[in-house]
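Q: First the structure, then my questions, so here it is.
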């Protein structure tokens, strides 16, 4: 990014009320991270103290009457958050353009159903026999689309993603690099001292508008389907076992693990590093705090849970507080003991 | 899947005792997940309640005298579990057929030892110099086999797997997509304010019949070998440090981490999200519950451990119960205090 | 490895004081893991007991006057640790040689800036438009370098690594197989019942001499940069959220997760499976024990923290001890109660 304060004021339709229009800007950052080469923004009064000490070169501000260091240029705009967004869209890293066509370095089986004038298959990708790919979808470099996989329209399959045979991916789904969809579920029978594999012959179905973070793994069902419901957003390094069913519009944060056959409702939030045991149900709109360990079903919707085993927030706080009370208890018992000893 | 109840009855050698042989079936599911297009099965009396309320189109049942909704067709078979297995093998997603040959889109170094009439190398795979690949083995698309790697017979190397130089993989080993075998162990010496790399020049040896889940990482030894013993099954996103030695027929569930140089015995089970510190020993047939944190060696075989630090189950339960007793203790101490105050 | 004790003595410049120079050695191992085919070493008196019982064929020792089983050959050297290092470098698995050139099986966009006589691009790698790759750098098989990515000199990009558009990688950086750099941060706004994506338009900047373990994921910033400071070493399966800033020379062990916008100082150690919540600061030289959960900022440098929530080691020990005291408390209160009952 190379630009001037004047150009930025013009871009966002704002008024330069302090500083030089010629000054050059080369980066952008939050108020407390910015240096004099950076555009920043003041969008919320709770960052008043950061504004007062910022080293930014330019701040997009809702008013000229704000307390910012003298060296900081100010451009007044109606909505600084939206204006800043305009700046980073104009000068930030651009996502690669969608260029339809099949790279010569990729492998697409002859019986794949896709329209090469509307689908983009990048170098070193593999699209296996009988797969179908919808228009507007991009298959990233090094990704591997298994036999008979069906991918909807305008989906973004990242680099080095693997989707195994028979899985179904909806419209506008985003799979980030390294995601694995449809690996075998973890199922064995113990026969004569050895773990014998139980075949995993189901699929994974990912509904429309789901986003899945880097290196997340979603296992295929033993039979039937593992399902990720419409609009659910999954972060990096999440592990989802076979036959799990996740509802719509959930938020599953990084490094969560959900064991086989559990069912997560709609609008559920599982914060980072949470674990959910197998064959459980979690009701709609449940929130589990970071690193919760859910080992029994949550049947009432809308609750907030913490800890391992996960308990309603209140119970969890009470238990933590109680441990802190032991010190006091020890003293009180000691006092009682000496009183009684005296009275004996 | 498109079939009729009559065809399924024939396939499993069962008798249609209720419902129409012409009814079409297009899917299969567990009793409580099935709709009228689904074949299901009733294999265990503990699912009696699910049978009584199932919406399945057809249930494979051990008897005609069971309580199922009237709309549900019944086919009686001797063993419903095996019969259902037959159905899903016939109509479920088929794993890709093994087709020997080396894809033109792959790269196989000239000095690799493999028989192209008996090995399958899929598109965009890389097999490096001096590697050896046994008959019946498949190398998945996008996978990278390092220099001098030796892979046994009938192994299944998934898509986008990486096996680094010198590692040894046994017969019938399954590595799921995204697995990394033989990356450097995490070893540094702190010299003059900087972490200096300690070279990692050993290998990983994976014995026969091991299965390794998607995106699991197994580091090469500092010297000598990191070993995964025969028949051990490892789930997704497990991390195994350098010089770890895992015995035979263990079960290591998702997101477990085992630090460097620890030794796990035979028939050990580590449930999901367990952590094992470095340089420990875990005795044969130990079971660690979900999210255990093992920070000292377990020397007696056959025990069950929970919690962090991992303790025998009984001790763990006792500690949990004690925290619950604090509330009662507080009340009893208060009562004592007021009694004594009265008596003063 | 196939050699004799005599050759090893010569290699390390040591004196054979016991055993036959003709005896063949084929492996190396620690004292307690070695068998008669193995070279081992005795570098530290704390392993005296292991030396007394070792089954090694040959031990490199600082002196002839040590207690080792009679069957064990001894070669005396000044520094057994260095001498052993010499042996494993000579006979251990060799890392693949650096061979400059662009594999015909790779894809390098026409406008990439790199010198093919000094850079190595291995088969099935993809280097996208406008990328720059410094001399002495190797791009591993199956890896994907995004548009406009800048990689320094003598870097090692492992197999199946993904680096997304615009990210910056320093000199001598090592990215192990399966690493994902620059996937989108996890950011959504909840609008009318749906999670709406917040564009992630920043980058990741990895400074010189950083090493990143297999399958670790480092998300791009919302805007500006996610930064990994010079000399920091990151283990496998670590998750680093958007806009995180990690200082210089830190050690981040396997399966750690750091949430968005947190700032880690210099010389910080986060042991395995630690979690750090978002928008926190961790002061220089802090150490967090295995599986710590940091949920508030740590402002004083140099402390050691444990537990969830992470507390200074002392506090953590006290809380653990207190739980153990509840049993005693119960008994003492019972005794008091019966005394008072008697006195009533």
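Chains as they are written, first to last, in our numbering: chain Y, 147 to 490; chain C, 147 to 490; chain X, 147 to 490. Just so you know, even glycine gets a beta-carbon here, dropped at the ideal spot from N, CA and C. Being a predicted model, the structure only gives us computed values, none of them experimental.
(1) Taking C-beta pairs closer than 8 Å, name the residues in chain C that residue 478(Y) reaches, listed in chain order.
(2) Give, in chain order, every residue of the stretch 412-425 of chain Y whose Cβ lies closer than 7 Å to some Cβ of chain C.
(3) Looking only at C-alpha atoms, which of 418(C), 389(C), 374(C), 413(C) sits nearest to residue 346(C)?
(4) Please tell me whether residue 322(Y) has its Cβ less than 7 Å away from any Cβ of chain C.
(5) What is the rounded straight-line gap between the Cα of residue 210(X) and the Cα of residue 233(X)?
(6) Where are the alpha helix (DSSP H) runs, 4 residues long or more, that stay fully inside the stretch 178-226 of chain Y, in chain order?
(7) Using the C-alpha atoms, what's the distance from residue 467(Y) back to residue 172(X)?
(8) Closer than 8 Å between beta carbons: that is the criterion. Which residues of the stretch 243-268 of chain C meet it against chain Y?
(9) Below 8 Å CB to CB, which residues in the same chain sit around residue 374(C) once its five sequence neighbours on both sides are set aside?
(10) Take residue 208(Y) and list the residues in its own chain whose beta-carbon comes closer than 6 Å to its own, dropping the five residues that flank it on each side.
(11) From the beta carbon of residue 452(Y), is the nearest beta carbon of chain X less than 7 Å away?
(12) Measure from the alpha carbon of residue 377(Y) to the alpha carbon of each residue in 185(X), 407(X), 368(X), 341(X), then state which is nearest.
(13) Report the residues of the stretch 297-314 of chain X with a CB closer than 8 Å to any CB of chain C, ordered along the chain.
(14) Leaving out five residues before and five after residue 238(C) in sequence, what residues of the same chain have Cβ atoms less than 8 Å from its Cβ?
(15) Closer than 6 Å by C-beta to residue 367(Y): which residues in its own chain qualify, once you throw out the five before and the five after it? Chain order, please.
(16) Is it buried or exposed for residue 326(C), if we count other Cβ within 10 angstroms and need 16 for buried?
(17) Counting only Cβ pairs nearer than 9 Å, list the residues of chain C close to residue 357(X).
(18) Give, in chain order, every unbroken run of the beta strand (DSSP E) that is at least 3 residues long and sits entirely within the stretch 345-389 of chain C.
(19) Closer than 7 Å between beta carbons: that is the criterion. Which residues of the stretch 433-458 of chain X meet it against chain C?
(20) Figure out for me which residue from 441(C), 286(C), 360(C), 423(C) has the closest Cα to the Cα of residue 304(C).
(21) Following the continuous beta strand (DSSP E) through residue 343(Y), name the residue where it begins and the one where it ends.
(22) Provide the residue(s) that pair with residue 250(C) in DSSP beta bridges, ordered along the chain.
(23) Suppose contacts are defined by Cβ-Cβ distances below 7 Å. Is residue 200(Y) in contact with residue 177(Y) by that definition?
(24) Closest to residue 407(X) by CA distance: which of 483(Y), 179(Y), 445(Y), 322(Y) is it?
(25) Out of 220(X), 190(X), 230(X), point me to the one whose CA is closest to residue 161(X)'s CA.
(26) Check for me: the alpha helix (DSSP H) holding residue 473(Y) runs from which residue to which?
(27) Give, in chain order, every residue of the stretch 385-409 of chain Y whose Cβ lies closer than 8 Å to some Cβ of chain X.
(28) CA-CA distance, residue 405(C) and residue 434(X)?
(29) How far does the beta strand (DSSP E) with residue 307(Y) in it reach, from first residue to last?
(30) Given a threshold of 16 other Cβ atoms within 10 Å of its Cβ, counted over all protein chains shown, does residue 306(X) qualify as buried or as exposed?
(31) Going by alpha carbons, who is nearest to residue 163(C) out of 487(C), 384(C), 222(C)?
(32) Short of 6 Å in beta carbon distance, which residues of its chain neighbour residue 320(C), apart from the five on each side in sequence? Order them along the chain.
(33) Buried or exposed for residue 235(X), please, with buried defined as at least 16 other CB atoms from any protein chain shown within 10 angstroms of its CB.
(34) So with Cβ pairs under 7 Å, would you call residue 361(Y) a contact of chain X?
(35) For the ligand FMN, any of its heavy atoms closer than 6 Å to the Cβ of residue 161(X)?
(36) Are the Cβ atoms of residue 250(X) and residue 275(X) separated by less than 7 Å?
A: So, from the listed chains and residues:
(1) Within chain C, the residues near residue 478(Y) are 479, 483.
(2) Within the stretch 412-425 of chain Y, contact with chain C at the beta-carbon level (separation under 7 Å) is assigned to 421, 423.
(3) Residue 389(C) is the option with its Cα nearest to residue 346(C).
(4) By the rule that beta-carbons nearer than 7 Å mark a contact, residue 322(Y) does not touch chain C.
(5) Using only the alpha carbons, I get a separation of about 20 Å.
(6) Segments of the alpha helix (DSSP H) lying fully in the stretch 178-226 of chain Y: 194-199.
(7) Their backbone Cα atoms lie some 60 Å apart in a straight line.
(8) Under the 8 Å Cβ criterion, the stretch 243-268 of chain C contributes 249, 251, 268.
(9) Result list for residue 374(C): 350, 351, 352, 353, 356, 358, 364, 380, 386, 392, in chain order.
(10) The residues are 226.
(11) The beta carbon of residue 452(Y) sits no closer than 7 Å to any beta carbon of chain X.
(12) Of the candidates 185(X), 407(X), 368(X), 341(X), the one whose C-alpha sits nearest the C-alpha of residue 377(Y) is 341(X).
(13) Listed by position, the residues of the stretch 297-314 of chain X near chain C (Cβ gap below 8 Å) are 304, 305, 306.
(14) Excluding residues up to 5 positions away in sequence, 147, 174 lie with their Cβ nearer than 8 Å to the Cβ of residue 238(C) in the same chain.
(15) In chain order, 348, 388, 389 place their CB closer than 6 Å to the CB of residue 367(Y), counting only its own chain and leaving out the 5 sequence neighbours on each side.
(16) When all chains shown are included, residue 326(C) counts as buried.
(17) Those within 9 Å of residue 357(X) in chain C are 330, 332, 334, 341, 343.
(18) For secondary structure counted as the beta strand (DSSP E) over 3 or more consecutive residues, the stretch 345-389 of chain C holds these complete runs in sequence order: 349-352, 363-365, 371-374.
(19) Of all residues in the stretch 433-458 of chain X, 436, 437 have a Cβ within less than 7 Å of some Cβ in chain C.
(20) Of the listed residues, the one whose Cα sits closest to residue 304(C) is 286(C).
(21) 340-343 is the span of the beta strand (DSSP E), which, as asked, contains residue 343(Y).
(22) Residue 250(C) pairs with nothing; no bridge assigned.
(23) Going by C-beta atoms, residue 200(Y) is nearer than 7 Å to residue 177(Y).
(24) When only C-alpha atoms are compared, the closest one is 179(Y).
(25) Closest by alpha carbon: 220(X).
(26) Counting along the chain, the alpha helix (DSSP H) containing residue 473(Y) begins and ends at 459-489.
(27) Those residues of the stretch 385-409 of chain Y that come within reach of chain X (Cβ to Cβ, closer than 8 Å) are 395, 397, 399, 400, 401.
(28) C-alpha separation (whole angstroms): 16 Å.
(29) It is not in any beta strand (DSSP E) - residue 307(Y) carries neither H nor E in the DSSP assignment.
(30) Burial of residue 306(X) is indicated by the presence of at least 16 other C-beta atoms within 10 angstroms of its C-beta.
(31) Checked all of 487(C), 384(C), 222(C); the closest Cα to residue 163(C) is 222(C).
(32) Taken in chain order, the residues that qualify are 302, 357.
(33) By the Cβ-count criterion, residue 235(X) is exposed, with fewer than 16 other Cβ atoms from all chains shown falling within 10 Å of its own Cβ.
(34) The beta carbon of residue 361(Y) falls within 7 Å of a beta carbon belonging to chain X, placing the residue at that interface.
(35) No copy of the ligand FMN occurs in the structure displayed, which carries no ligand at all.
(36) Cβ distance not < 7 Å, so residue 250(X) and residue 275(X) don't count as in contact.
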